[in-house]
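**Student:** One structure follows; several queries about it will come next.
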Amino acid sequence: MQHFRRMIFMFLTCVLLVSGTVVAHAQTSKDALHNVQQELEQKANEKNSINNEIEQIKKDMDDLQSFITQNRVALEDTQKRIAATQQLIEQKKEEIVVLQDKIHNRKSVMKSRLVAMQKDDNLNVVINVILESKDLADFINRASAVTTLLNADKDIMTDQENDLKQIEDDKKEIAKQEEQLAVERENLNRQQAELNVNLQKRQESLTVMQQKYSEVNEEMAGIQAQLAEAQAKVRQEQEAATTMAASNTPAPAATPAPAPTPVAQSGSEMYVSSTAYSHESSGSITYMGYNIKENPNMKLIAVDPSVIPLGSKVWVEGYGVAIAGDTGGAIKGHKIDVLMPNNAHAYAWGRKTVKIVVLN
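Sequential numbering from 1 applies to the sequence shown in our numbering.
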């Protein structure tokens with residue numbers, strides 16, 4: 001008898017050791033699954049951040065392209081004005097040539113008149129002084145000094161002076177316009193060059209970010225494969241633990257099956273579609289302020305307040321009595337979301353239709 005008891009003790013010890021190993025492996029797999037899920041969330045956030053930066057770069061490039069187009073239009077307009085101004089300049093130059101010919105012809109006429117006046121001995125000295133002028137300006141200065149000789153040619157001299165002044169004014173105006181147009185063209189060319197450089201830099205940044213986006217996508221694909229593998233491993237270990245627990249449970253005595261346990265309290269009954277969630281995927285604080293991260297094992301459900309009032313106590317088939325303490329964007333109508341300690345338990349719950357009682 002003592003030997004038999006010893007064998008039973010050793011058998012139970014082996015069962016406990018095996019069960020502990022299975023539980024330890026299951027917990028390790030759940031931790032690994034949680035780590036993979038966190039890494040996947042981080043990569044998803046990184047992907048969103050990169051995508052936002054890509055969109056901003058594209059917007060900057062569109063703005064730059066718009067500025068470049070506007071600058072090109074302004075440059076073309078300046079080129080047209082330069083061409084028109086150059087045409088006016090050529091016209092001015094031709095007018096200057098005409099004025100110079102008129103001045104030359106007037107000088108010849110005045111010279112002829114002065115030569116004709118040489119018969120008057122009293123004017124010989126004055127005439128010689130004028131005829132010995134070194135250039136046109138000297139000639140005009142000498143002629144202006146001899147007012148007596150030029151009374152008859154006063155109109156000619158006035159026209160001569162006006163034409164000379166007009167020539168100088170035209171030359172200054174030409175130089176001014178040429179300078180202004182040259183400065184404007186230089187500024188536009190510089191702006192165009194700067195815009196092209198900025199556009200090229202944005203293009204390079206876009207290429208880098210697109211490459212990074214592709215790399216993150218590849219990393220996410222690898223992590224998703226790891227996630228699927230971890231989920232499968234957790235399911236296998238959960239099934240193994242369930243199978244072991246069933247095999248270690250002694251068969252019950254042949255007694256009549258007990259009647260189903262009725263719900264202790266009465267209230268409004270209904271059937272709802274149920275899913276599950278945890279703080280790992282939804283955050284720490286519920287709509288009614290419960291901290292489900294610090295209390296992951298509390299019984300709580302997310303509801304549509306128009307169907308189940310917030311704060312109500314609700315009996316949920318296969319879950320127990322819970323508080324209606326949260327809401328959700330997808331929880332509309334006859335749907336609930338039951339709180340689980342972690343995502344692994346939430347995945348195990350799945351989606352199923354259950355009976356609930358909103359307790360009085």
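Even glycine gets a Cβ: it sits at the ideal position worked out from N, Cα and C.
Going by CA-CA distance only, name the one from GLY320, ASN162, ASP159 that's closest to VAL357.
**Tutor:** Within the sequence shown, residue 357 is the residue found at index 357, counting from 1. The shortest Cα separation from VAL357 among GLY320, ASN162, ASP159 belongs to GLY320.
**Student:** Taking C-beta to C-beta, are ILE370 and ILE89 nearer than 8 angstroms?
**Tutor:** Only positions 1 to 360 of the chain appear in the structure, and residue 370 is not among them; the question remains open.
**Student:** Is it buried or exposed for HIS104, if we count other Cβ within 10 angstroms and need 16 for buried?
**Tutor:** The residue given as residue 104 occupies position 104 in the sequence shown. When all chains shown are included, HIS104 counts as exposed.
**Student:** At which residues does the alpha helix (DSSP H) containing GLU280 begin and terminate?
**Tutor:** Here residue 280 corresponds to residue number 280 of the sequence shown, with the count starting at 1. Unbroken alpha helix (DSSP H) run through GLU280: 279-282.
**Student:** Which residue from LEU300, GLY311, MET340, ASP304 puts its Cα closest to that of SER281?
**Tutor:** If you number the sequence shown from 1, residue 281 lands on position 281. Selected option, being the one with the closest Cα: MET340.
**Student:** Hey, how far is the Cα of SER312 from the Cα of LYS332?
**Tutor:** To locate residue 312, count along the sequence shown from 1; it is residue 312. To locate residue 332, count along the sequence shown from 1; it is residue 332. Whole-angstrom Cα-Cα distance: 17 angstroms.
**Student:** LEU181 and ILE82 - do their beta-carbons sit closer together than 8 angstroms?
**Tutor:** Taking the sequence shown and counting its residues from 1, one reaches residue 82 at position 82. Taking the sequence shown and counting its residues from 1, one reaches residue 181 at position 181. The answer is yes: Cβ separation under 8 angstroms.
**Student:** Have a look at the DSSP bridge pairing and note the partners of ASP337.
**Tutor:** Position 337 of the sequence shown, counted from the start, is the residue given in the question as residue 337. Note: ASP337 sits in a beta bridge opposite THR275, ALA302.
**Student:** Kindly indicate which three-state DSSP category LYS233 falls into: helix, strand or coil?
**Tutor:** Numbered from 1 along the sequence shown, position 233 holds the residue referred to as residue 233. Note: LYS233 maps to helix in three-state DSSP.
**Student:** Would you identify the three-state DSSP class for ILE89, choosing helix, strand or coil?
**Tutor:** Position 89 of the sequence shown, counting from 1, holds the residue named residue 89. ILE89: helix per DSSP, three-state reduction.
**Student:** Find out if the Cβ-Cβ distance for the pair LEU64, LEU195 is shorter than 8 angstroms.
**Tutor:** Locating residue 64 in the sequence shown gives position 64, where the first residue counts as 1. Locating residue 195 in the sequence shown gives position 195, where the first residue counts as 1. Yes, these two residues count as a Cβ contact at 8 angstroms.
**Student:** Under the three-state reduction of DSSP, which class applies to LEU359: helix, strand or coil?
**Tutor:** As a working mapping, residue 359 is identified with position 359 in the sequence shown. Looking at LEU359 - three-state DSSP - the assignment turns out to be strand.
**Student:** Using the C-alpha atoms, what's the distance from GLN70 back to LYS293?
**Tutor:** Position 293 of the sequence shown, counting from 1, holds the residue named residue 293. Position 70 of the sequence shown, counting from 1, holds the residue named residue 70. Their backbone Cα atoms lie some 57 angstroms apart in a straight line.
**Student:** Only counting the same chain, and skipping five residues up and downstream in sequence, which positions put a Cβ closer than 6 angstroms to that of THR327?
**Tutor:** As a working mapping, residue 327 is identified with position 327 in the sequence shown. So the qualifying residues of the chain are TYR287, ALA302.
**Student:** Any idea what DSSP makes of ASP135, helix, strand or coil?
**Tutor:** As a position in the sequence shown, residue 135 is number 135, starting the count at 1. Note: ASP135 maps to coil in three-state DSSP.
**Student:** For ASN342 and GLN203, what's the separation of their Cα atoms in angstroms?
**Tutor:** If you number the sequence shown from 1, residue 342 lands on position 342. If you number the sequence shown from 1, residue 203 lands on position 203. Cα to Cα, the separation comes out at about 44 angstroms.
**Student:** Mind checking which residues open and close the beta strand (DSSP E) that includes ALA324?
**Tutor:** Locating residue 324 in the sequence shown gives position 324, counting from the first residue. First-last of the beta strand (DSSP E) with ALA324: 320-326.
**Student:** According to the neighbour-count rule (16 or more other Cβ atoms, all chains shown, within 10 Å of its Cβ), is GLY325 buried or exposed?
**Tutor:** Here residue 325 corresponds to residue number 325 of the sequence shown, with the count starting at 1. Label assigned to GLY325: buried.
**Student:** Starting from LYS332, trace the beta strand (DSSP E) in both directions and tell me its first and last residue.
**Tutor:** Counting from one through the sequence shown, the residue named residue 332 turns up at place 332. No beta strand (DSSP E) contains LYS332, which DSSP labels as neither H nor E.
**Student:** Which residue's Cα is closest to the Cα of LEU75: GLN192, LYS102, ALA346, VAL272?
**Tutor:** Translated into positions along the sequence shown, residue 75 becomes position 75. The shortest Cα separation from LEU75 among GLN192, LYS102, ALA346, VAL272 belongs to GLN192.
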